[in-house]
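Numbering (the numbering used here), first residue to last: 308 to 424. What follows is one structure encoded as structure tokens, with my remarks underneath.
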Amino acid sequence: MSESGQREWRFYLDDMIEFAEKVVAYTDGFDQASFVASSLNYDATVRNLELTGEAATHIPDAVRAANPQIPWRLIIATRNRLIHGYLGIDNDTLWSIIRDDIPVLLLGLRNIKEPHQ
């Protein structure tokens, strides 16, 4: 921790990686219909997508600007939409995020982390 008591941003990056890895693990072997039918996996996955977005809010603007390949604003916006899910979650969009976006996000986050290890 830094002198100000703020958590180091690299820990939030680690969190994002961990949460995204859980999304992959919790959906492995599912197709969209069986995923939606599995309330335990569905809820755990949505929660980890929310947490990924929450951790992204703690990445400094300078780090975000230096890594425009990561869709920071979209990650945070997705978190906000999921948190307020009472408005309804579009399962087609959710499945697309899980299958198409999360693997790419993981690769990008790992590439950011590598120079800082």
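Quick reminder that beta carbons are idealized off the backbone N, C-alpha and C, glycines included. These numbers were taken from a predicted model, which means no experiment stands behind them.
Item                                                                                                      : Value
Buried versus exposed call for ALA340 [16 or more other C-beta atoms within 10 Å across all chains shown] : exposed
Short Cβ contact (8 Å threshold) for ARG377 with GLY415                                                   : Residue identity check: residue 377 is Ile in the sequence provided, not Arg. Going by C-beta atoms, ILE377 is nearer than 8 Å to GLY415.
Whole-angstrom distance between MET323 and ASP383, CA atom to CA atom                                     : Contrary to the premise, residue 383 reads as Ile rather than Asp in this sequence. Between ILE383 and MET323, the C-alpha separation is close to 12 Å.
Burial state of VAL411 (16 or more Cβ within 10 Å)                                                        : exposed
Residues near GLU361 in its chain [Cβ-Cβ closer than 8 Å; skip 5 each side]                               : ARG386
Whole-angstrom distance between ARG380 and VAL370, CA atom to CA atom                                     : 13 Å
Rounded distance between the beta-carbons of LEU347 and VAL330, thought under 8 Å                         : Actually they do not touch by this definition, with Cβ atoms about 14 Å apart.
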